[in-house]
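Protein chains in written order, with this note's numbering: chain A, 360 to 426; chain B, 2 to 135.
Glycine included, C-beta positions come from ideal geometry on N, C-alpha and C.
These figures come from a predicted structure and were not determined experimentally.
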């Protein structure tokens, strides 16, 4: 498991979206969204910002280093 | 399973099965004049299997086809890098047999084997990385 924790699943579910719908919004596949949520893939900085912008929140609230 | 995963699996299996048949026939001693015909049959078979297979995958998959995203591009780059080193090594080995008295047909088949092996390994690495990274 990668050392970066994220709240992508919580944010997505709070908006009632599927992984496919979120992926379509930010040009990612459903598999990549699933991998991010399960901490098996860390997105690029650009994609992390794109996710944060989509959820209308700061990147530091969406991703943080797991101490 | 994503469309791309199924596509890579289809490519790997079809290449492995069809070229195993081809090289088994060559190893069994197909006459040189029949070898070109056999190769043409093999290439046509692969094209048909790929077209029909991909049509079936597209028709039965719940995912729609989309361009590779950053994770898939990263996986593809790593698989291609592994394939590149194998291609260099196997092509050098294939050209080395030319200096060991092999004929043109044997050398051409050795280079073809190098290319097929490289593509099979590239697809296998892609599948493995794709599986591990979700």
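**Prompt:** Taking just the CA atoms, how far does residue 85 of chain B sit from residue 376 of chain A?
**Reply:** 40 Å
**Item:** Straight-line gap, residue 415 of chain A to residue 400 of chain A (C-alpha atoms, nearest Å)
**Value:** 22 Å
**Message:** Is residue 72 of chain B close to chain A? Criterion is C-beta to C-beta, closer than 7 Å.
**Reply:** yes
**Prompt:** Which runs of the alpha helix (DSSP H), 4 residues or longer, sit entirely within the segment 47-93 of chain B?
**Reply:** none
**Request:** Return helix, strand or coil for residue 413 of chain A, following the three-state DSSP convention.
**Result:** helix
**Prompt:** What are the boundary residues of the alpha helix (DSSP H) that residue 367 of chain A is part of?
**Reply:** 367-373
**Prompt:** With which residues is residue 364 of chain A paired in a DSSP beta bridge?
**Reply:** Residue pairing by DSSP puts residue 364 of chain A in a beta bridge opposite A/423.
**Prompt:** Counting pairs of beta carbons, one from the segment 70-83 of chain B and one from the segment 123-132 of chain B, are three or more of them closer than 8 Å?
**Reply:** yes
**Asked** How should residue 371 of chain A be labelled, buried or exposed, when 16 other C-beta atoms within 10 angstroms of its C-beta is the threshold for buried?
**Response** When all chains shown are included, residue 371 of chain A counts as buried.
**Asked** Shorter than 7 Å from the beta carbon of residue 403 of chain A to some beta carbon of chain B?
**Response** yes
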